[in-house]
Amino acid sequence: MNPEFLLKESIAKGLLQEFSITVAPETILLEPTRKDFEGSLTFVVFPFIKQAKVAPEQLGSRIGAFCQTDIPTVISSFNVVKGFLNIVFNDALWVEQLYTNFLREDYAQLSDGKGEKVMVEYSSPNTNKPLHLGHLRNNFLGYSISQILKANGFDVIKANLVNDRGIHICKSMIAYQKSGSGETPVSTGMKGDHLVGKYYVAFDKQLKKEVEALVETGISEEQAKKEAPILKEAQSMLLKWEQGDKEVYDLWKTMNGWVYEGFNATYKKIGVDFDHFYYESNTYLLGKDIVEEGLAKGVFNKRADGSVWIDLTAEGLDEKLVLRSDGTSVYITQDLGTAELKYNDFGCKRSVYVVGNEQDYHFVVLIHILKKLGKPYANGVYHMSYGMVDLPSGKMKSREGTVVDADDLVNEMIETAKERTLEQGKTDGFTEAEATHLYEIVGLGALKYFLLKVDPKKRMMFNPEESIEFQGHTGPSIQYTYARISAILRKAEELNIKEALPAGYKLEKLHPYEVSVLELLSRFPEKIREAGVEYSPSTIANYIFDVAKEYNRFYAEVSIFHEEDELIKSFRIAFCRAVAKTIKDGMLLLGIEVPEKM
RNA sequence: GACUCCGUAGCUCAGCUGGAUAGAGCAACUGCCUUCUAAGCAGUAGGUCAAGCGUUCGAAUCGCUUCGGGGUCACCA
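Residue 1274 is where the first sequence starts when you use this note's numbering, and the numbers rise one by one after that.
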């Protein structure tokens, strides 16, 4: 039985017997005791003093005394400071928890999700340019939340809805047609997505030129932007594409093919993957039947010009268009269709969309519509909204060339990891392959941790001038902690040190640092639960840092192999193993690998 | 303008279902490698939690107002 719950039960019993106050044990809130006081868990008595009609200190003392008598094997002592009852657990209890719980293979695997299917859609790139820093945040968040939901017991399907059609693609295509002169990734040695992106930039350059020229003839800038010839060409190309024009279609196939090769290389490098791909070229016509359905149900209404709307003024929103007067889809029409398709394909009642917060309003509307239509999956739609990554110069804008390219950044991180590692001679004795692998996991670990440790909802700052740190509150520092523990475990195996304690043996006294680490380990499941409920990888990231930090204090202070008591030595090896396991499992929830040596 | 999110140390961020003296990392300054990896540890300094009012035994946390910043409000995606 979980000691925290035993304590809650005992407190509830105490409140009843001592003060005739009835509370359900599970509603009692306990919080981790602050560092400056002795104890593991703290019961705040203030909420009960009115009913109890005694001073806070008295209530705390009486409940503390009651619990200690009630469950003496669990509690070794308590202290009361003002209205705070601090509970100290028996060290033996922590030892038992270590062996029976923290070391269990499935300690980090919860069953809350009951195997229910949930789809996580993330990445969802446009195929007209390479991935940038913002996409990295999206990809890391999407992958991590998938891992976290799996750990919560859900059956996760990772999906990528590729935006492979539309005016933006045609922009790259038209520019390529004009000035590409038959370039290919092979002929240029460029990654396919970068090659296509080059033409997207070329398009914009040309567009600007044409707009300027038009403005000089006396046309307003606004008008010029609509009338620029190259834009007209892109628009007519889109029409041709929709009509299935062979030449356009073939070019589109070819260029998208290049982009996919490029994206796949990036996905592989950064360690994200997908169970299913959707392509907008297959789904952009969907949703019209749902418009019909909505009209039939009276949820939508048709105007005289033929356009279809939904009135959300009762919900505090406004009227939204769901179908244009010419009968073509808008964004939300497609999203309605795709939601239905996803449900038909996989039957997920829960569906997570990892999409930037500039689309908050869009998703509010989408969810309202699905609910009004009475869709069985409407209540399970969750928009995992994340903030933009800002540069010191402000927002990233692809057209203005102020983006941080994903491939460049990843390569720089790995290169920096290599430099730092070599400086410190950390790879002496490594094979070439081992060293290369280390640079990759450290470089990526730094990058992923940097992007995941911040609350996803908040926008965050990335300064390309200052390279991402490898010391302090960083991925590599946590990886390093893991590697140091691995060295200890290797040595212990060489020395053939047993980790188990003889049956019936009770360890008398733990080091305070051991206790505080064990306290942290005991919170791993609830952190996984919290991260899942809140859709917050940062909860895990910060937790794992706390574990590593606290362990490092132990590491600096307490010797293992110089310990004379063989049983304490055994305990400490097992203790180290549990910490390593927690760090590894936690980092895997973030999509970060952990090295055995570094 | 309307709606919405945000404002915590010089910088980047935790803490926000109300609880004790607001925490980390970086940067600065002091120490610690003959002992399991110093990408580490210990310490010093750094805060009117944007401002004000309110609710409460108690507010960084909840409510209102003001100031400052981001985002969204297209028959764009």
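Virtual Cβ for every residue (Gly too), placed ideally from N, Cα, C.
For residue i and residue j, what's the separation of their Cα atoms in angstroms?
i	j	result
GLY1620	SER1454	47 Å
GLN1290	ASN1363	24 Å
LYS1402	THR1694	33 Å
ASP1477	HIS1746	40 Å
VAL1625	ASN1537	22 Å
GLY1470	SER1445	7 Å
VAL1707	MET1871	With the sequence shown as reference, residue 1707 is identified as Glu, and Val is not the correct amino acid for it. One C-alpha to the other measures close to 10 Å.
LYS1960	ALA1651	No statement about residue 1960 is possible, as the shown extent of the chain runs from 1274 to 1871 and does not include it.
ASP1701	ALA1765	22 Å
PHE1547	ILE1430	8 Å
ASN1574	HIS1635	19 Å
LEU1383	SER1349	30 Å
GLY1667	LEU1480	24 Å
GLU1613	LYS1670	33 Å
LEU1711	VAL1790	27 Å
GLN1370	LEU1774	13 Å
VAL1662	VAL1459	33 Å
ALA1424	LEU1861	10 Å
ASP1343	PRO1665	59 Å
GLU1299	PHE1321	16 Å
GLY1287	CYS1340	7 Å
ALA1760	GLU1869	7 Å
ASP1518	TYR1808	44 Å
LYS1622	VAL1347	42 Å
ARG1757	PHE1703	16 Å
What does the Cβ neighbour count give for residue i, buried or exposed, with the cut at 16 atoms within 10 Å?
i	result
ASP1678	buried
GLY1388	exposed
PHE1823	The question names Phe, yet the displayed sequence has Glu at residue 1823. It counts as buried.
ILE1440	exposed
THR1812	buried
SER1750	buried
PHE1827	buried
VAL1806	exposed
GLY1491	exposed
GLN1697	exposed
GLU1799	exposed
PHE1723	buried
ASN1529	buried
Could you name the residues that DSSP lists as bridge partners for residue i?
i	result
ARG1623	VAL1391
PHE1357	VAL1317, VAL1354
LYS1721	Answer by DSSP bridge pairing: none, since LYS1721 is not bridged.
ALA1432	GLU1394, HIS1549
VAL1581	LYS1575, LEU1596
ILE1348	PHE1362
ASP1678	HIS1405
ASN1684	According to DSSP, which records beta bridges pairwise, ASN1684 is partnered with nothing at all.
ASN1399	ASN1436
Is DSSP giving residue i helix, strand or coil here?
i	result
PRO1305	strand
GLU1836	coil
LEU1422	helix
ILE1817	helix
TYR1655	strand
GLU1592	strand
LEU1711	helix
MET1733	strand
TYR1778	coil
HIS1405	strand
ILE1865	coil
PHE1844	helix
SER1740	coil
ASP1437	coil
ASP1663	strand
SER1293	coil
VAL1628	strand
SER1602	strand
ASP1618	helix
MET1669	coil
SER1454	coil
GLN1341	helix
HIS1784	coil
Mind the definition here: the segment 1325 to 1340 touches the segment 1348 to 1364 only if three or more C-beta pairs lie below 8 Å; say whether that holds.
Using a C-beta cut-off of 8 Å, the segment 1325 to 1340 makes contact with the segment 1348 to 1364, since at least three inter-stretch Cβ pairs fall below that distance.
For the pair the segment 1827 to 1840 and the segment 1761 to 1780, tell me if three or more CB-CB distances fall below 8 Å.
In short, these stretches touch, since the Cβ pair count reaches three.
Report yes or no: do the segment 1680 to 1698 and the segment 1707 to 1723 share at least 3 C-beta pairs separated by less than 8 Å?
Yes: at least three Cβ pairs fall under 8 Å.
Do the segment 1573 to 1591 and the segment 1452 to 1468 meet, that is, are 3 or more Cβ pairs less than 8 Å apart?
No, the segment 1573 to 1591 is not in contact with the segment 1452 to 1468.
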